[in-house]
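In the numbering used here, the protein residues as written are 1 to 231.
We treat Cβ as the ideally placed atom computed from N, Cα and C, and that holds for glycine.
A quick write-up on the structure given underneath.
Printed below as a string of structure tokens:
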């Protein structure tokens with residue numbers, strides 16, 4: 001797998017509301033990391049979409065909102081101070097206080113897209129034969145997740161591709177994978193997660209992870225919730 005790359009957070013750039021057909025304001029942004037999307041003043045980056053999950057950091061600080069949890073964004077308001085409302089958690093189910101306004105803090109916020117988290121379980125499937133060859137669990141996120149693309153069709157079905165880089169531990173394995181003699185307790189996985197929000201859905205769902213240049217190249221991962229893993 002490729003070695004870790006240091007994230008840049010010293011870049012300075014200008015965001016303009018008129019570029020996204022919004023209020024014609026402009027802001028200088030610095031302090032965000034390469035994978036983070038800006039929210040500042042009246043400006044909300046168009047790659048931030050309700051239904052998908054994000055971790056939100058106050059720019060130029062280590063402070064992360066919502067106790068550092070990745071939450072699903074439920075809605076983005078209109079106007080100058082846009083209200084960004086996230087899914088309710090815990091005791092807030094009936095009185096949701098998981099929201100803030102885009103202009104609350106002068107330096108703005110950084111949104112990190114999240115496709116997978118520690119504890120997520122996946123079935124390992126051979127790309128060509130579609131044979132299920134084992135099951136693994138994400139044990140550690142190795143590098144920040146980075147959105148590669150976002151597409152929408154006429155029916156408003158949205159598909160995002162997110163680069164993921166993590167460590168996993170095998171829970172079960174078939175003979176086909178045994179032949180590869182992988183480090184079962186800690187295997188590196190690098191790939192592209194495909195996250196889909198169907199046209200009438202409120203929640204985006206991880207469809208699969210296409211594994212790339214690592215030990216599991218030639219396989220893809222699908223969420224284990226779709227059924228029991230075959231031995």
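ask   = Along the chain, where does the alpha helix (DSSP H) that runs through residue 178 open and close?
value = What you label residue 178 is simply residue 178 of the chain shown in a count that begins at 1. Counting along the chain, the alpha helix (DSSP H) containing residue 178 begins and ends at 175 to 178.
message = For residue 115 and residue 193, which I take to be in contact (beta-carbon distance under 8 Å), what is that distance rounded to the nearest angstrom?
response = For the purposes of this step, residue 115 is taken as the residue at position 115 of the chain shown. For the purposes of this step, residue 193 is taken as the residue at position 193 of the chain shown. Rounded, the Cβ-Cβ distance is 4 Å, consistent with contact.
task = Give the straight-line distance between the Cα atoms of residue 31 and residue 100, rounded to the nearest whole angstrom.
result = To locate residue 31, count along the chain shown from 1; it is residue 31. To locate residue 100, count along the chain shown from 1; it is residue 100. Taking C-alpha positions only, residue 31 is separated from residue 100 by approximately 20 Å.
key: Beta-carbon proximity list for residue 118, same chain, < 6 Å, skipping 5 on both sides   = In the chain shown, the residue the question calls residue 118 occupies position 118. Taking residue 118 as the centre and dropping the five residues before and after it, the same chain places the C-beta of 138 closer than 6 Å to its C-beta, in chain order.
request  = Starting from residue 126, trace the beta strand (DSSP E) both ways and give me its first and last residue.
outcome  = Translated into the one-based positions of the chain shown, residue 126 becomes position 126. Unbroken beta strand (DSSP E) run through residue 126: 121 to 126.
message = Restricting to Cα atoms, I'd like to know which of 54, 126 and 33 is closest to residue 217.
response = Here residue 217 is taken as the residue at index 217 of the chain shown, counted from 1. Checking every option, the nearest Cα to that of residue 217 belongs to 126.
query = Going along the chain, which unbroken runs of the beta strand (DSSP E) with 3 or more residues stay wholly within the segment 126 to 160?
reply = 132 to 141 and 146 to 152
message = One question on the structure: do residue 171 and residue 135 come within less than 7 Å of each other, judged by their Cβ atoms?
response = The sequence position of residue 171 within the chain shown is 171, counting from 1. The sequence position of residue 135 within the chain shown is 135, counting from 1. Yes, they are a contact pair.
Straight-line gap, residue 238 to residue 160 (C-alpha atoms, nearest Å) = The shown model of the chain, from 1 to 231, leaves out residue 238, and the question about it has no answer.
task = Ignoring anything shorter than 4 residues or poking outside the segment 16 to 74, list the alpha helix (DSSP H) runs there in chain order.
result = none
ask   = Measuring CA to CA, which of 162, 76, 175 and 169 is closest to residue 50?
value = Stepping through the chain shown from its first residue, residue 50 is reached at position 50. Relative to residue 50, the option among 162, 76, 175 and 169 whose CA is nearest is 76.
message = Tell me the residue span of the beta strand (DSSP E) that contains residue 193.
response = Position 193 of the chain shown, counted from the start, is the residue given in the question as residue 193. 187 to 197 is the span of the beta strand (DSSP E), which, as asked, contains residue 193.
inquiry  = Please identify the residue among 211, 184, 140 and 156 whose C-alpha is closest to the C-alpha of residue 167.
reply    = If you number the chain shown from 1, residue 167 lands on position 167. Residue 140 is the option with its Cα nearest to residue 167.
Beta-bridge partners of residue 99, as assigned by DSSP = Locating residue 99 in the chain shown gives position 99, counting from the first residue. Partner(s): 85.
request  = Work out the CA separation of residue 62 and residue 201 for me, nearest whole Å.
outcome  = Walking along the chain shown from the start, residue 201 turns up at place 201. Walking along the chain shown from the start, residue 62 turns up at place 62. Each residue's Cα considered, the two are about 33 Å apart.
request  = Report the residue from 207, 214 and 45 whose alpha carbon sits nearest the alpha carbon of residue 121.
outcome  = Within the chain shown, residue 121 is the residue found at index 121, counting from 1. The shortest Cα separation from residue 121 among 207, 214 and 45 belongs to 207.
query = Cβ atoms of residue 123 and residue 224: under 7 Å apart, would you say?
reply = Here residue 224 corresponds to residue number 224 of the chain shown, with the count starting at 1. Here residue 123 corresponds to residue number 123 of the chain shown, with the count starting at 1. Closer than 7 Å, so yes.
message = Measuring only the C-alpha atoms, how far is residue 5 from residue 47?
response = The residue labelled residue 5 in the question sits at position 5 within the chain shown. The residue labelled residue 47 in the question sits at position 47 within the chain shown. Because the pLDDT at residue 5 is just 36, under 50, the model does not fix this residue reliably, and the point stays unresolved.
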